[in-house]
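K.L.:
Here it is: the structure, laid out below.
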Amino acid sequence: MRLLIIDNHDSFVHNIIGLLRDCVSRMPFQFSWNVVKNDEIPFDSIDNYDALIISPGPGLPAEASGLMKAIDLCSHTKPILGICLGCQAIAEYFGGSLRHLDHPAHGHLSVLRNVDSSDPLLGCIECEAITVGRYHSWIVAKETLPPSLAVSSQDEDGNIMSVRHTELPIFGLQFHPESIISNCGADIIGGFLSIVRSQTSRAVSLD
728 MRLLIIDNHD SFVHNIIGLL RDCVSRMPFQ FSWNVVKNDE IPFDSIDNYD ALIISPGPGL
788 PAEASGLMKA IDLCSHTKPI LGICLGCQAI AEYFGGSLRH LDHPAHGHLS VLRNVDSSDP
848 LLGCIECEAI TVGRYHSWIV AKETLPPSLA VSSQDEDGNI MSVRHTELPI FGLQFHPESI
908 ISNCGADIIG GFLSIVRSQT SRAVSLD
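Heads up, the sequence shown is in our numbering, so the first residue is 728 and it goes up one at a time.
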């Protein structure tokens, strides 16, 4: 199975790759990945990949070249995981808006609250308290969230920490699972890989 990782010009992508390597080494199935900058996305061959991971990055989704087009091409054909900026891009693509935090969170630790037990990504994690690292100034405005997206976790102030599509295998994490602050990052990334495996197997059986 092949993953396309969009690097939004952010050093955290190296941590994501390290976490992927660790997860894949403990799984009974094989994954490979290709990392591309957001201004070098191979749109003509994007169908050759089984899933899309969108990295964190500076700025806003609209400033990340090619990001929305990539989501558009993949949204109905493959699983998507968006991290930080990637989460914001998913929310905006489906009709949501962002707002600026009163106090930007950079290296901030939060404990996830109100985790949706039905969420295929977070709901299966067996952990008494999921702590996450946050590095962001913008956040998805809850009042603008479209019906197609559901809140799957919040922070201590009720801010959105993750979303999921109600019908498609699309997930957004406002926090950084690859951060050393996050205690369940491997479980989250491993869970996404399992979802990719399941979706790929389903697509093959339908063919």
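Backbone N, C-alpha and C define an ideal beta-carbon position, used for all residues, glycine too.
Count the other CB atoms within 10 Å of the CB of H863; is the residue buried (16 or more) or exposed (fewer)?
P.N.:
Under this definition H863 is a buried residue.
K.L.:
Please identify the residue among Y776, I866 and H741 whose C-alpha is closest to the C-alpha of T804.
P.N.:
Out of Y776, I866 and H741, Y776 has the C-alpha closest to the C-alpha of T804.
K.L.:
Would R891 be called buried (16 or more neighbouring beta carbons within 10 Å of its own) or exposed?
P.N.:
With 16 or more Cβ atoms within 10 Å of its Cβ, R891 is classed as buried.
K.L.:
What whole-angstrom Cβ distance do V867 and I897 have, given they're in contact under 8 angstroms?
P.N.:
Incorrect: roughly 14 angstroms between the Cβ atoms, too far for contact.
K.L.:
Quick check on the DSSP output: the alpha helix (DSSP H) that includes H741 runs from which residue to which?
P.N.:
Residues F739 to S752.
K.L.:
Using DSSP with H/G/I as helix, E/B as strand and the rest coil, what is S880?
P.N.:
Three-state result, S880: strand.
K.L.:
Note the first and the last residue of the continuous alpha helix (DSSP H) segment covering G820.
P.N.:
It should be noted that the sequence gives Tyr, not Gly, for residue 820. Where Y820 is concerned, the enclosing alpha helix (DSSP H) stretches over L812 to Y820.
K.L.:
Could you give the residue range of the beta strand (DSSP E) that holds M888?
P.N.:
Here the beta strand (DSSP E) through M888 covers I887 to H892.
K.L.:
Output the boundary residues of the beta strand (DSSP E) element that contains I897.
P.N.:
Unbroken beta strand (DSSP E) run through I897: I897 to L900.
K.L.:
From what residue to what residue does the beta strand (DSSP E) around T805 run?
P.N.:
Position check: residue 805 holds Lys in this sequence, whereas Thr was assumed. Here K805 belongs to no beta strand (DSSP E), and DSSP marks it neither H nor E.
K.L.:
What do you reckon, are the CB atoms on V838 and G850 nearer than 8 angstroms?
P.N.:
No, these two residues do not count as a Cβ contact at 8 angstroms.
K.L.:
Using DSSP bridges, identify the partner residues of K764.
P.N.:
Partner(s): D734.
K.L.:
Determine the direct distance from the alpha carbon of L872 to that of S824, and round the result to whole angstroms.
P.N.:
One C-alpha to the other measures close to 7 angstroms.
K.L.:
Please list, in chain order, all residues of the same chain as N742 whose beta carbon is under 6 angstroms from its beta carbon, the five residues on each side excluded.
P.N.:
Closer than 6 angstroms at the Cβ level, and outside the excluded window around N742, lie E905.
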